[in-house]
Amino acid sequence: MTVFVNSLSLFSNSSDVGEPIIFPNVSWYPPFSGSWKVNVDASLIKAFCSATLGVVVRDSHCVVFVWAMKAVHHVTSPLQAELLVILYGMELPNRFAFTSLVVERDSLLALKEVDREETTLCRWCGLVKNIEIQCQLCESFSSVFIKREANMFAHKLSKLPLVPREEHIWVN
Numbered sequence: 005m006t007v008f009v010n011s012l013s014l015f016s017n018s019s020d021v022g023e024p025i026i027f028p029n030v031s032w033y034p035p036f037s038g039s040w041k042v043n044v045d046a047s048l049i050k051a052f053c054s055a056t057l058g059v060v061v062r063d064s065h066c067v068v069f070v071w072a073m074k075a076v077h078h079v080t081s082p083l084q085a086e087l088l089v090i091l092y093g094m095e096l097p098n099r100f101a102f103t104s105l106v107v108e109r110d111s112l113l114a115l116k117e118v119d120r121e122e123t124t125l126c127r128w129c130g131l132v133k134n135i136e137i138q139c140q141l142c143e144s145f146s147s148v149f150i151k152r153e154a155n156m157f158a159h160k161l162s163k164l165p166l167v168p169r170e171e172h173i174w175v176n
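In our numbering, the protein residues as written are 5 to 176.
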């Protein structure tokens with residue numbers, strides 16, 4: 005695992021971390037005070053049966069507390085990659101005892117799978133169950149679908165090339 009310092013400018017449209025990140029017609033909005041917003045995205049590399057996961061955690065002042073990217077192997081579908089990044093995105097803040105999370109993602113399929121009331125019959129039900137367990141560790145949890153433009157930081161992280169099982173975490 006590699007730890008980065010002051011690397012945020014590679015991914016942000018704003019030189020001041022405290023300002024909202026604004027894209028044409030789409031804005032990233034901070035969570036309510038006392039909550040943490042977790043943006044997640046995954047990129048599947050079918051030829052290698054792998055995926056890169058990108059996660060960004062910000063506070064209510066728009067300050068990035070942690071960002072991370074991780075390469076995982078034996079990933080065969082976009083849904084599996086998106087479920088893996090949701091789980092990774094929830095595990096990271098839980099390591100720091102953050103108990104009020106808003107998870108934002110740009111995958112409707114994953115949103116529907118995790119948010120369904122009945123038991124999932126999908127091939128990745130074990131991942132869904134692990135996500136549910138992470139939700140139970142939170143005092144407050146919500147999950148939101150957003151457009152990719154408002155999720156650009158996590159999206160760009162997920163596009164960076166990594167070797168299998170490589171992980172990079174930046175903590176502010």
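Even for Gly, the Cβ is constructed at its ideal location relative to N, Cα and C. Computed from a predicted structure; not experimentally measured.
7 Å CB neighbourhood of residue i in its chain, flanking five on each side removed
i: Glu95; result: Gln138
i: Ala51; result: none
i: Cys104; result: Cys is not the amino acid found at residue 104; the sequence shown has Ser there. Around Ser104: Gly38, Ser39, Trp40, Cys142, Glu143 and Ser144.
i: Arg152; result: Asp110 and His159
i: Val166; result: Just to set this straight, residue 166 is Leu in the shown sequence, not Val. For Leu166, where only same-chain residues beyond five positions count, the Cβ hits under 7 Å are Thr56, Met73 and Ala75.
i: Leu48; result: Ala55, Val79, Pro82 and Ala85
Nearest-angstrom Cβ-Cβ length linking residue i and residue j, presumed shorter than 8 Å
i: Val59; j: Trp71; result: 7 Å
i: Asp45; j: Ser162; result: 4 Å
i: Val148; j: Glu117; result: Not really, about 15 Å apart at Cβ, beyond 8 Å.
i: Thr56; j: Leu164; result: 6 Å
CA-to-CA distance, residue j to residue i, given in whole angstroms
i: Tyr92; j: Pro168; result: 15 Å
i: Leu113; j: Pro82; result: 9 Å
i: Trp174; j: Arg127; result: 32 Å
i: Val89; j: Ile135; result: 10 Å
i: Ser31; j: Lys133; result: 31 Å
i: Ile26; j: Arg62; result: With a pLDDT of 45 at Ile26, under the threshold of 50, the predicted position of this residue should be treated as unreliable, and no value is reported.
i: Ala180; j: Ala75; result: The question about residue 180 has no answer here: the residues shown for the chain are numbered 5 through 176.
i: Val106; j: Met73; result: 19 Å
i: Phe102; j: Val42; result: 11 Å
i: Phe69; j: Ser146; result: 19 Å
i: Ser64; j: Asn176; result: 15 Å
i: Glu170; j: Met156; result: 21 Å
i: Gln140; j: Phe36; result: 20 Å
Residues bridged to residue i [DSSP beta-bridge criterion]
i: Ile49; result: Ser54
i: Lys41; result: Arg62 and Val106
i: Trp174; result: Trp71
i: Ser144; result: Ser104
i: His78; result: Partner(s): none; His78 has no beta bridge.
i: Phe149; result: Arg109
Within-8 Å CB hit, residue i to chain B
i: Trp40; result: In summary, chain B is missing from the structure at hand, where a single protein chain is found.
Same chain, Cβ closer than 6 Å to residue i, five either side skipped, listed in chain order
i: His77; result: Ser54 and Pro168
i: Leu87; result: Ala114, Trp128 and Leu131
i: Phe15; result: Residue confidence for Phe15 is low, a pLDDT of 39 falling below 50, so the modelled location carries little weight; the figure read from the coordinates is stated next. Within the same chain, Phe15 has close Cβ partners Phe157 and Lys160.
Neighbourhood of residue i by C-beta, 8 Å cutoff - its chain only, sequence neighbours within 5 removed
i: Arg99; result: none
i: Asp119; result: Ser147
i: Pro97; result: Trp40, Val42, Val61, Val70 and Leu105
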